[in-house]
Every structure is written in structure tokens, then in C-alpha cells.
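Undergrad:
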Amino acid sequence: MDLFLSRKFMILVLLVCLGCGSSFVSANFYNDFDVTWGDGRGKILENGELLTLSLDKSSGSGFESKNEYLFGKIDMQLKLVPGNSAGTVTAYYLSSTGSNWDEIDFEFLGNLSGDPYILHTNVFSQGKGNREQQFYLWFDPTADFHTYSILWNPQLILFSVDGTPIREFKNAEAKGVPFPKNQPMRIHSSLWNADDWATRGGLVKTDWSQAPFTASYRNFSANACVAVSGTSTSCGSGSASSNAAWLTEVLDSSQQEKLLWVQKNYMIYNYCSDSKRFPQGYPPECNMA
Ligand SMILES: *[C@@H]1O[C@H](CO)[C@@H](O)[C@H](O)[C@H]1NC(C)=O
Ligand SMILES: *[C@@H]1O[C@H](CO)[C@@H](O)[C@H](O)[C@H]1NC(C)=O
């Protein structure tokens, strides 16, 4: 399976399958994440079971995973900034480093109390993004925790919310579209002020009298291949692979139906149908069945 070994990397990577067995290892934010910025505004609480990020006029905050992953099924529960969250953005994404980076994004654009958040998604491969899809949610994402998942395997990238697929980005290498598969990515999240563009295109500004704004995270789980520099082997070799069904998972017909339901009822922007933006024709991955 030399597919998993990047020829571009001088450093070989060791890929270990985590959580592939039947026993579920419950995650702890202390073990899996570092709060990376925000000068105390990001906190790990409740013995590692809860993480909160906050934003005030001076700064936002953020965290990242200790591990780098190369493929995985990654779940996190988020409860977004409640009340008047206009102008705030909570980003939750996977990203590699370097100028040809890969990235898989969820971004939650806040709004005035009672007005809907926008869930913005994007996929970058080798430094190129411009693949936005945006959605409203079918629930209030500030009232409780909901699970946001990224399934990333060699066939596809699937974004899901509470187990309902909202977006599928298929591997379209056969059509010449680069697909993220060689660069390990870390999980990142941050809460920051983006009132120049986030809410109604920047019309609604952050109301700092409501600060601090807080987003919460819990119940992280990763069925994933962890990249460790120094040694080389491939993910999914050995006994662990037999349970790694996510590595070959594709949408079944019931998931396909749910995806269509979301796209029909909750999708508010799709780059693949923005004809003004692509007068010369849509990108090749848009024309995949
Ligand atoms: C905020 O609410 C307005 C009015 O309902 C809506 O047009 C907009 O899409 C909502 N979301 C954001 C992030 O602007
Ligand atoms: C935590 O996540 C796991 C796996 O993603 C899920 O089965 C479980 O129901 C979640 N627990 C809570 C309290 O939501």
C-alpha cells in the first residue's frame, strides 16, 4: 500500500491505526489537544472532558491536535456561541502545513439572536480551495451539543452533522483534480472576530457588549491513522485494519438520500452551481455523479 507513503516527503511517516479495535478509547482533551493561542481564553475543563474557546475585543483563541492524521473518521461535539453571535466565526478544520497544504473546513458564521448560523464548508487540495458550500442547520446549534464529523479516506471526504451527510467531496484524481492523500493534517479550531465579512456579508458587526463569546467542545473521537515521523509502515496493516471499515466507506443509498435532503432543503450556496463565478465551465469535480 505505497499509496500511503508520500513520495514528496523526505521524512517517512509511521501510521498507526487508533481506535480501530472494538474497544472505544474515550478521549481526553488534555491528551489529544493543545490550546495554542488566546492567552488563557481557551480552557480545558472537567478533567479533560470539556474544552471552551472564548473571544473578546482583545483576542480570540484556538487549539490544535497533538497528532497529525492521514485519513480518519473524526467526530467532535460542538455547542456554538449563543445569543447575539453576529460577527463571530468558529472554525473547526483539518489542515496540513506548507504552501501546497490540504485542508478540510467547517466554519460556523454567527448571527443575531434568532437568525440562523451559516455552516460554511471548503476543501483545499495542494493549496487550492475555492470549493465553498454553505448550509443552514435544521436545529439551533447553540442550544445543545451536536456532532460534526469528517470522514476522510482515499475515496472521499464526507462532512456529516449528527450522522447526516451534508457534503461529499469525491476523489476526482481521474479527472485531474488533486485529492488530499499525502499530507498529514492536524485538527484545528479557533474562535475569532470576522465582522468584516461573516454575518450578512459584513453588514452586521460584532456587539462587544455581549463579550466574552464562548464556544464549547466535548466528546472528541478519532478512528484515524496517526502520522509519526521517523519510521515507515503503512496504515491499516496488521490486525487493526480488519475493523477499519471507514477506510473504504462510501455512501450507501440511505445516506445518499439524506445528503439529497440536506442539499435540497438546507444548502444555500454551492460553488458547483455558481455560473457567474465559472463562466468557462464548472471545475471538473462538479460533474461527478
Ligand atoms: C443571518 O440572518 C440573515 C437573516 O435571516 C440571513 O440572511 C443570513 O444568511 C444569516 N446568517 C449569516 C451568517 O449571515
Ligand atoms: C460520544 O461520541 C460517541 C462516538 O462518536 C457516541 O457514540 C456517544 O454517543 C457520544 N456521547 C455523547 C454523550 O453524546
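Numbering-wise, the sequence shown is residues -27 to -1, 1 to 262 according to mature numbering (1 follows the signal peptide of the UniProt record, and there is no 0).
No residue lacks a Cβ here, since even glycine has one placed at the ideal position from N, Cα and C.
Can you give me the C-alpha to C-alpha distance between Phe251 and Asn95, rounded to a whole angstrom?
TA: Computed Cα separation, rounded: 17 Å.
Undergrad: DSSP puts Arg104 in a beta bridge; with which residues?
TA: Per DSSP, none; premise fails for Arg104.
Undergrad: Looking only at C-alpha atoms, which of Tyr242, Tyr42 and Met261 sits nearest to Val150?
TA: Among Tyr242, Tyr42 and Met261, the Cα nearest to that of Val150 belongs to Met261.
Undergrad: Going straight from the alpha carbon of Leu129 to that of Ser34, what length do you get?
TA: Near 31 Å, if we compare the C-alpha coordinates of Ser34 and Leu129.
Undergrad: Residues around ligand 2, please: the ones whose beta-carbon is closer than 5 Å to some heavy atom of it, in chain order.
TA: Qualifying residues, in the order they occur: Asp48, Asn192 and Ser194.
Undergrad: Return the bridge partner residues of Gln253 from the DSSP annotation.
TA: BP columns for Gln253 are empty, so no partner.
Undergrad: Would you kindly work out how many angstroms separate the C-alpha atoms of Gly71 and Asn155, rounded to a whole number?
TA: Their Cα atoms are separated by approximately 13 Å.
Undergrad: If you measure from the CB of Leu82, is any heavy atom of ligand 1 nearer than 6 Å?
TA: Indeed, a heavy atom of ligand 1 lies less than 6 Å from the Cβ.
Undergrad: For Ser133, is the classification buried or exposed, using 16 other Cβ atoms within 10 angstroms of its Cβ as the cut-off for buried?
TA: Ser133 should be labelled buried.
Undergrad: Return the chain-ordered list of same chain residues with a C-beta closer than 6 Å to the C-beta of Gly175, the five sequence neighbours on each side being excluded.
TA: So the list reads Asp169, once near-sequence residues are dropped.
Undergrad: In chain order, which beta strand (DSSP E) runs of at least 3 residues are fully inside the stretch 18 to 97?
TA: List check, beta strand (DSSP E) in window: 23 to 28, 34 to 38, 41 to 52, 61 to 68, 76 to 82 and 91 to 97.
Undergrad: Which partner residues of Lys142 appear in the DSSP bridge assignment?
TA: Correcting the residue identity first, residue 142 is Phe in this sequence and not Lys. Its beta-bridge partners are Ile130.
Undergrad: According to DSSP, which residues form a beta bridge with Trp165?
TA: Beta-bridge pairing links Trp165 to Val62.
Undergrad: Throw me the rounded Cβ distance for the His161 and Gln50 pair, which I believe falls under 8 Å.
TA: Wrong, their Cβ atoms sit about 17 Å apart, outside the cutoff.
Undergrad: So the candidates are Asn103, Lys16 and Pro89; which of them puts its Cα closest to the Cα of residue 335?
TA: The structure shown does not extend to residue 335, since the chain spans only -27 to 262, so no value can be given for it.
Undergrad: Nearest to Gly15 by alpha carbon, out of Leu124, Leu28, Asp5 and Glu141?
TA: That would be Leu28, whose Cα lies nearest to the Cα of Gly15.
Undergrad: Going by C-alpha to C-alpha distance, which of Glu258, Lys178, Glu230 and Cys245 sits closest to Ser58?
TA: Checking every option, the nearest Cα to that of Ser58 belongs to Lys178.
Undergrad: Give the C-beta separation of residue 336 and Arg140 to the nearest angstrom, bearing in mind that I take them to be a contact with Cβ-Cβ under 8 Å.
TA: Because residue 336 is not part of the residues shown, which for the chain are -27 to 262, the question remains open.
Undergrad: With DSSP run on the structure shown, which of helix, strand or coil describes Ser10?
TA: Looking at the sequence shown, residue 10 is not Ser but Trp. If DSSP states are grouped into helix, strand and coil, Trp10 belongs with the strands.
Undergrad: Let me check you understand the geometry: is the CB of Pro89 closer than 6 Å to at least one non-hydrogen atom of ligand 1?
TA: Checking every heavy atom of ligand 1 against the Cβ of Pro89, one is found closer than 6 Å.
Undergrad: In chain order, what residues of the same chain have a beta carbon less than 7 Å from the beta carbon of Trp10, not counting five sequence neighbours either side?
TA: Here the set comprises Ser34 and Gly35.
Undergrad: Below 7 Å CB to CB, which residues in the same chain sit around Tyr121 once its five sequence neighbours on both sides are set aside?
TA: Once the five neighbours on either side are set aside, the close Cβ partners of Tyr121 are Met49, Leu51, Tyr65, Phe79 and Val134.
Undergrad: How would you call Asp12, buried or exposed, if buried means at least 16 neighbouring beta carbons within 10 angstroms?
TA: Asp12 should be labelled exposed.
Undergrad: Would the beta-carbon of Val8 fall within 7 Å of that of Ala188?
TA: Taking 7 Å as the Cβ cut-off, Val8 and Ala188 do not qualify as a contacting pair.
Undergrad: Just curious, the beta strand (DSSP E) that Asn155 is in, first and last residue?
TA: That residue, Asn155, is in no beta strand (DSSP E); it is neither H nor E in DSSP.
Undergrad: Which same chain residues end up closer than 6 Å to Leu131 when comparing Cβ atoms and leaving out the 5 residues on each side of it in sequence?
TA: So the list reads Leu124, Pro138 and Glu141, once near-sequence residues are dropped.
Undergrad: Could you tell me if Lys39 is buried or exposed, where buried requires 16 or more neighbouring beta carbons within 10 angstroms of its beta carbon?
TA: It is exposed - the Cβ of Lys39 has fewer than 16 other Cβ atoms within 10 Å.
Undergrad: Return the bridge partner residues of Trp125 from the DSSP annotation.
TA: In DSSP, Trp125 forms a bridge with Gly45 and Ile130.
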